[in-house]
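Sequences listed follow chains A and B, in order. Each residue of the first sequence is one higher than the last, beginning at 1 in this note's numbering. Each residue of the second sequence is one higher than the last, beginning at 1001 in this note's numbering. All C-beta atoms in this analysis are idealised placements derived from N, C-alpha and C, irrespective of residue type, glycine included.
2 protein chains.
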Amino acid sequence: MADGVEEQLIAMRGFLDGEVAQRRLDRLASHFSEENILKEEQLSREVCAKLIRRSVNSSVLASLMAGCYPADREKIFNFFINRPDLETPVEIAKTEHRELVYMQLTALVNEGGVNAMKYLMEDPARYFTIMEAVGFIDVSLGIKFGVQFSLWGGSVVNLGTQKHRDKYLEGISNLKYPGCFAMTELHHGSNVQGIQTTATFDRMTDEFVINTPNEGATKWWIGNAAVHGKIASVFARLQLPSPDSHLDTDMGVHAFIVPLRSMEDHSVLPGIEIRDCGYKVGLNGVDNGALRFHNVRIPRDNLLNRFGDVSRDGEYSSTLPTINKRFAATLGELVGGRVGLAYGSVGVLKAACTIAIRYSLIRQQFGPPNKEEISILDYQSQQQKLMPMLSSAYAFNFATEYLVERYAEMKRTHDDDIVADVHALSAGLKAYITSYTAKSLNTCRESCGGHGYAAVNRFGSLRNDHDIFQTFEGDNTVLLQQVAGDLLKQYKRKFEGGALSVTWTYLRDSMTTYLSQTNPVVTHREGYSHLRDPRFQLDAFQYRTARLLHTAALRLRKHSKRLGSFGAWNRCLNHLLTLAESHIESVILAKFTEAIERCEDRNTRKVLNMLRDLYALDRIWKDIGTYRNQDYIAPNKAKAIHRLVEYLSFELKGVAGSLVDGFGIPDVLLRAPIGLQSGQYTEYSHHIGFE
Amino acid sequence: MADGVEEQLIAMRGFLDGEVAQRRLDRLASHFSEENILKEEQLSREVCAKLIRRSVNSSVLASLMAGCYPADREKIFNFFINRPDLETPVEIAKTEHRELVYMQLTALVNEGGVNAMKYLMEDPARYFTIMEAVGFIDVSLGIKFGVQFSLWGGSVVNLGTQKHRDKYLEGISNLKYPGCFAMTELHHGSNVQGIQTTATFDRMTDEFVINTPNEGATKWWIGNAAVHGKIASVFARLQLPSPDSHLDTDMGVHAFIVPLRSMEDHSVLPGIEIRDCGYKVGLNGVDNGALRFHNVRIPRDNLLNRFGDVSRDGEYSSTLPTINKRFAATLGELVGGRVGLAYGSVGVLKAACTIAIRYSLIRQQFGPPNKEEISILDYQSQQQKLMPMLSSAYAFNFATEYLVERYAEMKRTHDDDIVADVHALSAGLKAYITSYTAKSLNTCRESCGGHGYAAVNRFGSLRNDHDIFQTFEGDNTVLLQQVAGDLLKQYKRKFEGGALSVTWTYLRDSMTTYLSQTNPVVTHREGYSHLRDPRFQLDAFQYRTARLLHTAALRLRKHSKRLGSFGAWNRCLNHLLTLAESHIESVILAKFTEAIERCEDRNTRKVLNMLRDLYALDRIWKDIGTYRNQDYIAPNKAKAIHRLVEYLSFELKGVAGSLVDGFGIPDVLLRAPIGLQSGQYTEYSHHIGFE
């Protein structure tokens, strides 16, 4: 071997710090020689990096990442690119922001030709593509859009019947009826069954009478209520007068259409009190309000009666036998909101990654003595902050695409198993992804230092706007418990010999593996090809989930005897939340792996594999205590995983620029000067008025 | 034993889930019986909780936590409580916010009788008490205060000589000279040695000529520059014309006093270009600007000449031999800013904890079937989010008090060892605490759900204002490297037989321990009294630090041969950052333990011990992978630690209300309706206009 090559090989070996080096080199060599593209001397780090760079084709990536409706996305982008008058300025007061977002929405509908309700009902994937795209214009617009169509529109479509659709659908679509979704109350958010607003049937007049019985029952945070909303679907306890008593019978939570403001002059209607919820941490382009009702009368027809109806005589009827079943059906229809948030959260993560990574590539600070400064992405610490995040954005992209497909399938088939699957999946992905994105936005700001703190560079508004994604449409801590609950149901079913729903089939195998001993050979394997094998990675994720599930079931059973089921659940709550996250992580990994297999471009597959490996190994390393505690992973294997995480982060930073280009966010929408494709500093200086 | 008691004992045993239960009960029993306050039947959880509650005296805590100058804190609070006209509204535009904060500052000085420069020079502890207190009014005010006095004033006092103090000090104190600290440039923040602004001596006129040679050299983020500043201390490379060449000699970075605006009409002076850095993520009450200099001439006397001077003939003189030593001395004097930020960050954490915990106590959601809803702080998940945070706020309080003491000692003695110690300590505590607080602010918002998203409830502004604490006065990632560098210096010294500075003496012992085998008996000990023994906790922290230090030194030596010292450092960067954090955590734990020993009230000590245990064990648990990987902690011991963390969080939530009362933040300054001591919901409803 020539001296130079030897030196390079030694250099690489040094990098890997250990005995694995030789094996890794052998593996790399065989890997590349299989493909006949490499001679030995090309194994140096620089050459590897070049090779990877060569293999990344941003436009292949972009078309892979653009989703099922790239043309719709493009159309939305172009509409706003051509309307700079609608661009949200860097600093804007609440009042002006609300008006601007409303103008953006009306322009989209009236001039942009978007018929959101049609897509929502006929083609959810298209609907979510558009919702994500408008989020790039202004997150407030995405949410205003969601309030009007997913929530207010969705409640009419999903909880109402044909008469409601006939009456309201067109006005919802064309914004003649800007509306609200009035569920949350001052005292009750997560616990919807605890809401206290009442809708009492008055047989005399054939009306419902809506009332706010106490301060805690004030509807709160109602989007569109403070300024623009004319109507609301109000969630209230249906009270039916009993024929043989003076007391009303509480039939549980139902939704009612309640006009709030006059269609003519927009004045607030009698009996209705509206207050402005005021300035928020973010999303100030959305006008949230608080509502109180004082004997507000609505016709009987305004009950959204798909799951329960009241006759002229005050008789209640339903195809569903119990209050709990009706409640579950009612809330179940609203799962689309979660799908939209999970999908939109990935969009926010992509935008933040793009800005942070582009800036980290041009920002230079310090360097070797008497040499040029190096880019901050050349620092191991910066790679550690941003590269696993980039891999997660890719991973989440494929997972949420899968979720949207499953959701569309559910809407098409109404198959019970798919319904259950989509419920748990949307809860889990929404919770996991929005929590991850929220944390990442902080990391992005911090990793971009002072210039990350300029509002124009977007991290502040993205973080503030996105923050509440963790809470609305289901608090993340509550949603993860739903996932855990579903897993436990599946677990029970497994032992009762029943079928598992699709996303959970892995549990059968891994449970068997878990219940047997861990394999001591695998525990110690630390070779490069083994660690990068998706089967090892998936097995590690699924082993952890299976183990957490099994132990959770045992602990719950033990504690229930003494504490009751509620007490036992609370005693194991941290355990259950970890279980849910573990499950979701393995679903994401599985979907990422499947998406890579479907990718036809060989070079792109290679880079995606690196991203997938980093996603998986970084998470295994972050939870290494669990794996070590069970001796699933031996100490030296743990170290090898850590080294590989650092190495993959190092390798990927060489193509990080192309990988964020793959997200396909146009500069003019991204807006952040430090996040542009070129000329960042100059644009940034221009922004504050230097010539 | 009576049946009821037996049942309660079993209940407790059940809680602890394992074999440790009996030992714990024995221990608890002996512990309490020692104090003769308990009979056996009082061992139930409820009784335990009551006991703890009884032992917490908020006013004892409050006086313990109020620092050395409670009267000054009180005076500041009262001044602003009596000036509601100076209160920052929930929504305020940048321009108005800047004016309001300036009014707050001038009122404080002119009417509140605060002579900040006097305290800064004579009694730093008093200065920091006041700076922290004004941060409760508005974080922007705390920073505006810091810019004027610590930075601009500090540069004159610490880098200048008597002539500068005579000329400027009074005007700085009484705000006749609002000033700036112009160090950072567009291209250089952390790497101050890379700044490019020049100050060329002109022997003909006995002046320095200040220039901005290129776009990247634009001074950026300069506080007070956009609106209020009249003068600045400008950091620039001193250029001296060489007698025998046409080239100037670069003497390195020095600070110069440069007038920016006319003292008469506030117009910008010739040759100076000022731009507004614009809207920021937070701190919009501070007016940051960008500066460019075009042949701006200043008299030779305007060089802040404590560490280097230029004679009339253009001869350079200094008591320090090299550019690097002068640079270190110059930057070294600015360490006070870090002390202030660490101290102020704890104040922000206390405010956020107070709001989040008080709300979590009154917020109820869900509950056992057919029973009342329970408070969200009754959930294990909420305890896990907030109780370790509360324990950290207490821990940080004592650590930063210690830092302030050491800083004052340094200022008094100028002892070299103390200087080195304070430098590393202030860097480490600033980085560690501000990162922790930044993360906690997100957790607080998220854990308070929708109502945490109302701007009036403060999490948004606290987070946005505090965010940049992670970056300014030294980027956290850079500061932690300084700590790691200092540790490695100490490590080297140890092996060369020299003395260790005070904060590091533990390394000698633990290094010896580490280099021997871990003790297999201790590895398996999992008893309650052992885990709650501060000696075990500190040993675990110090073992980890010693081990990380030892392995870092070995790795650096190995990599240096091939990669050079810069490359080796970067190759080990994640390792080094972990090392620095580990060290700082052990310093915090040690200071917490010492503070508890000094506390004379026995009952208070008991509660503080619980907080200390939670602080320590939670961190050990979070890093359990490291401990497991070295078998420092056996698997069952790891589980016992986790159980104890959950149990301590559970126990502490019973007294969490009193513990946040101990922070002593008046309701009227805390402002957040959901964080008030009582009547939260009603106040919150009033805020949005309901009667």
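Note down the Cα distance separating V101 (chain A) from S140 (chain A), rounded to an integer number of angstroms.
Going by the C-alpha atoms only, they are around 7 angstroms apart.
Assess contact between the stretch 1447 to 1460 of chain B and the stretch 1426 to 1435 of chain B, defined as three or more Cβ pairs (one per stretch) separated by less than 8 angstroms. Is contact present?
no
The alpha helix (DSSP H) with Q1677 (chain B) in it runs from where to where?
No alpha helix (DSSP H) contains Q1677 (chain B), which DSSP labels as neither H nor E.
Could you please give me the residues that DSSP links to H575 (chain A) through a beta bridge?
For H575 (chain A), which the question treats as bridged, DSSP gives no partner whatsoever.
DSSP three-state assignment for R1045 (chain B), whether helix, strand or coil
In this prediction, R1045 (chain B) scores a pLDDT of 49, lower than 50, which makes its location untrustworthy; the coordinate-derived value is nonetheless stated afterwards. R1045 (chain B) falls in the helix class under three-state DSSP.
With DSSP as the reference, identify every bridge partner of F1293 (chain B), one or two as the case may be.
In the DSSP output, where bridge partners are listed per residue, F1293 (chain B) has B:I1272.
Is DSSP giving G1564 (chain B) helix, strand or coil here?
helix
Quick check on this structure: which residue in B:S1658, B:A1568, B:C1180 has the alpha carbon closest to the alpha carbon of W1220 (chain B)?
Looking at the Cα atoms, B:C1180 is the closest of the given residues.
If distances are taken between C-alpha atoms only, which option among B:L1341, B:S1392, B:Y1407, B:H1228 comes closest to E1122 (chain B)?
B:Y1407
Give the range of the beta strand (DSSP E) segment to which R1237 (chain B) is assigned.
1231 to 1241
Check whether chain A comes within 8 angstroms of F1690 (chain B), counting only Cβ atoms and requiring the distance to be less than that.
yes
Opening and closing residue of the alpha helix (DSSP H) in which D1465 (chain B) lies:
1459 to 1467
Considering K1371 (chain B), what are the terminal residues of the beta strand (DSSP E) in which it resides?
Run containing K1371 (chain B): none; DSSP gives neither H nor E here.
Just to confirm the assignment, what range does the beta strand (DSSP E) spanning E1207 (chain B) have?
1207 to 1211
In angstroms with no decimal places, state the Cα-to-Cα distance between E1034 (chain B) and Y1379 (chain B).
Because E1034 (chain B) sits at a pLDDT of 32, beneath the cut-off of 50, its placement in the model cannot be relied upon, and the following sentence gives the value as read from the coordinates. Their Cα atoms are separated by approximately 33 angstroms.
When you check each C-beta in the stretch 1452 to 1471 of chain B against every C-beta of chain A, which residues fall closer than 7 angstroms?
So the list reads Y1453, A1454, A1455, V1456, F1459, G1460, N1464, D1467, I1468, Q1470, T1471, given in the order they occur along the chain.
From this set, B:A1431, B:N1057, B:M1183, B:G1664, which residue's C-alpha is nearest I1222 (chain B)'s C-alpha?
B:M1183
In whole angstroms, give me the CA-to-CA distance for Q1677 (chain B) and L349 (chain A).
Rounded to whole angstroms, Q1677 (chain B) to L349 (chain A) spans 38 angstroms at the Cα level.
Quick check on the burial criterion: 16 or more other C-beta atoms within 10 angstroms. Buried or exposed for L1009 (chain B)?
Confidence is the limiting factor: at L1009 (chain B) the pLDDT is only 37, short of 50, which leaves the residue's position unreliable, though a coordinate-based value still follows. By the neighbour-count rule (16 or more Cβ atoms within 10 Å), L1009 (chain B) is buried.
Which of the three DSSP states, helix, strand or coil, is assigned to V1607 (chain B)?
Three-state DSSP puts V1607 (chain B) in a helix.
Quick one: Cα of M410 (chain A) to Cα of D313 (chain A), how far?
Note on geometry: alpha-carbon atoms of M410 (chain A) and D313 (chain A) lie some 36 angstroms from one another.
Reference L1175 (chain B), options B:F1145, B:E1446, B:H1524, closest by Cα:
Out of B:F1145, B:E1446, B:H1524, the CA that lies nearest to the CA of L1175 (chain B) is found in B:F1145.
Pull the bridge partners of F592 (chain A) from the DSSP assignment, please.
BP columns for F592 (chain A) are empty, so no partner.
Residue nearest to T1200 (chain B) in terms of C-alpha spacing, selected from B:A1393, B:D1166, B:G1252, B:H1097:
B:G1252
Only counting the same chain, and skipping five residues up and downstream in sequence, which positions put a Cβ closer than 6 angstroms to that of A133 (chain A)?
R73, I76, listed in sequence order.
Which residue wins for smallest C-alpha separation from H97 (chain A), given the options A:Q196, A:L260, A:F235, A:D287?
Nearest in C-alpha terms to H97 (chain A), of all of A:Q196, A:L260, A:F235, A:D287, is A:D287.
Would you say Q384 (chain A) reaches chain B, if we count a Cβ-Cβ gap shorter than 8 angstroms as a contact?
Answer yes: the Cβ-Cβ gap between Q384 (chain A) and chain B drops below 8 angstroms somewhere.
Please confirm whether L577 (chain A) and L487 (chain A) have their CB atoms less than 8 angstroms apart.
No; because the gap between Cβ atoms is not below 8 angstroms, this pair is not in contact.
Could you please give me the residues that DSSP links to R1261 (chain B) through a beta bridge?
B:V1268
With L260 (chain A) and D248 (chain A) assumed to form a contact (beta carbons below 8 angstroms), what rounded beta-carbon distance in angstroms separates them?
About 25 angstroms; that fails the 8 angstroms criterion.
Could you give the DSSP three-state label for L303 (chain A): helix, strand or coil?
Note: L303 (chain A) maps to strand in three-state DSSP.
Meets three-Cβ-pair contact criterion under 8 angstroms: the stretch 459 to 468 of chain A and the stretch 269 to 278 of chain A
Because the criterion of three Cβ pairs below 8 angstroms is not met, the stretch 459 to 468 of chain A and the stretch 269 to 278 of chain A do not touch.
Relative to the C-alpha of D1202 (chain B), which residue among B:N1295, B:S1392, B:A1553 is closest?
B:N1295
Our contact map puts S58 (chain A) next to D661 (chain A) with C-beta atoms below 8 angstroms; I'd like the distance itself, whole angstroms only.
4 angstroms
What is the DSSP secondary structure of T523 (chain A), reduced to helix, strand or coil?
helix
Where DSSP assigns a beta bridge to A1454 (chain B), which residues make up the other side?
A:K280
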